[in-house]
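Take the numbering used here: the final residue in the sequence shown is number 180, and no numbers are missing along the way. Note that the Cβ used here is the ideal one computed from N, Cα and C, for glycine as well.
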Amino acid sequence: MQKGFVHIYHGDGKGKTTCGVGLCIRAAGAGMKVLIFQFLKKNDSSELNILRSIPNITVMDGLDSAKFVFQMTDQEKAEARNFYENAFKTICDKVVKEDYDLLFLDEGLHAVNYGMLSEECILDFLKNRPEKLEVVLNGYHPSEALQNAADYISLIGKEKHPFDKGIPERLGIEK
């Protein structure tokens, strides 16, 4: 059994989720068992359509909210926080009981930064996870503690993006 590592993809550039998805597909192609969970996204990202059909990949549904955190009321934030904390407990149990090899916590850094999941929860999980479990986190602004827990850190920077010109996300490309 090989030791699993922790990956962080962060920055303001396009492609953090794409990197994580690519690694999930590669792992599944090698016969590894993969679990994917998306924080702070609707359950309609185009990549989920194909990922759900790939053997060895399980996609757990997230909270299907159309709102960004800054648009939520305090009550909606509390409900979302409760949902994500419970989902993360389920994930922690699932990766052990069902013997997963790779866990992709898409927008996991955002969940921490927006207070939807405590950093202590993530750090404790990373410290005590099954030895073979590879974990991928992405988003913005990983804390020093999360960076110290990582084995790979990739900064994905934006030099130019159509969104800056007011062009909305496009199906199949950004969504």
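(message) Assuming contact is defined by CB atoms lying nearer than 8 Å, are residue 10 and residue 157 in contact in what I supplied?
(response) Residue 157 sits close to residue 10, with the two beta carbons spaced by under 8 Å.
(message) Suppose you measure from the CA of residue 184 to the CA of residue 116; what does that come to, to the nearest Å?
(response) As displayed, the chain neither begins before 6 nor continues past 180, which places residue 184 out of reach and without an answer.
(message) On the CB-based measure, 16 or more other CB atoms within 10 Å of its CB, does residue 143 come out buried or exposed?
(response) Burial check for residue 143: the Cβ neighbour count within 10 Å reaches 16 or more, so the residue is buried.
(request) Rounded to whole angstroms, what's the CA-CA distance from residue 54 to residue 119? Just pull it up for me. (result) In a straight line, the C-alpha of residue 54 is about 27 Å away from that of residue 119.
(request) Work out the CA separation of residue 75 and residue 169 for me, nearest whole Å. (result) Annotation: residue 169 to residue 75 spans about 20 Å, alpha carbon to alpha carbon.
(request) State the start and end residues of the unbroken beta strand (DSSP E) segment that holds residue 159. (result) That run of the beta strand (DSSP E) goes 157-160.
(request) Flag this pair as yes or no: are the beta carbons of residue 101 and residue 40 separated by less than 8 Å? (result) Taking the C-beta atoms as reference points, residue 40 is found no nearer than 8 Å to residue 101.
(request) If I'm right that residue 89 touches residue 44 with Cβ under 8 Å, what's the distance once you round it to whole angstroms? (result) Right, their Cβ atoms sit about 6 Å apart.
(message) Along the chain, where does the beta strand (DSSP E) containing residue 62 start, and where does it finish?
(response) Per DSSP, residue 62 belongs to the beta strand (DSSP E) from 62-65.
(message) Helix, strand or coil, according to DSSP, for residue 120 in the structure here?
(response) If DSSP states are grouped into helix, strand and coil, residue 120 belongs with coil.
(message) On the DSSP letters alone, give me the boundaries of the alpha helix (DSSP H) that residue 28 sits inside.
(response) Note, residue 28: alpha helix (DSSP H), 21-34.
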